[in-house]
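This report refers to the structure that appears directly beneath it.
Numbering (this note's numbering), first residue to last: 261 to 379.
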């Protein structure tokens, strides 16, 4: 997955699981905050990624069908309690993760690595 796609998924997953409103996600790999706005709840997702100047939106869950307008590709996202998993059509790869409070850990099957965020 691309870095910005991982950040968007982490932000959305954190909003869906914690139900907390946040305007950014901190990417530990890049060492900085990235700003987002919009809503993500059981009815659907509509967020804006300021760093990429694009929307990510889609229908409600727990199986979300999202569209990343920057990548022009779909993302499937399933949320189950504090865990999430899905498929990124841009990279043709799966991902999975967990939200614990404001911490998000995402495993990217394409890179075979874990990525950590705070939202």
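Yeah, the Cβ is synthetic: ideal placement off N, Cα and C, and Gly gets one too.
Item                                                                                                                                                   : Value
Do three or more CB pairs link the stretch 276-285 to the stretch 352-366 at distances below 8 Å?                                                      : yes
How many Å lie between residue 327 and residue 287 at the Cα?                                                                                          : 22 Å
With H, G and I counted as helix, E and B as strand and the rest as coil, what does DSSP make of residue 280?                                          : coil
Compute the Euclidean distance between the alpha carbons of residue 293 and residue 347, then round it to the nearest angstrom.                        : 24 Å
DSSP puts residue 304 in a beta bridge; with which residues?                                                                                           : 301, 319
Quick one, are the C-beta atoms of residue 317 and residue 332 less than 9 Å apart?                                                                    : no
Classify residue 321 as buried or exposed, calling it buried when 16 or more other Cβ atoms lie within 10 Å of its own Cβ.                             : buried
The beta strand (DSSP E) with residue 373 in it runs from where to where?                                                                              : 373-378
I'd like the list of long-range same chain contacts for residue 325, defined as Cβ closer than 7 Å, with 5 residues on each side in sequence excluded. : 318, 319, 334, 336
Considering only the alpha carbon of each residue, which of 264, 379, 377 lies closest to residue 313?                                                 : 264
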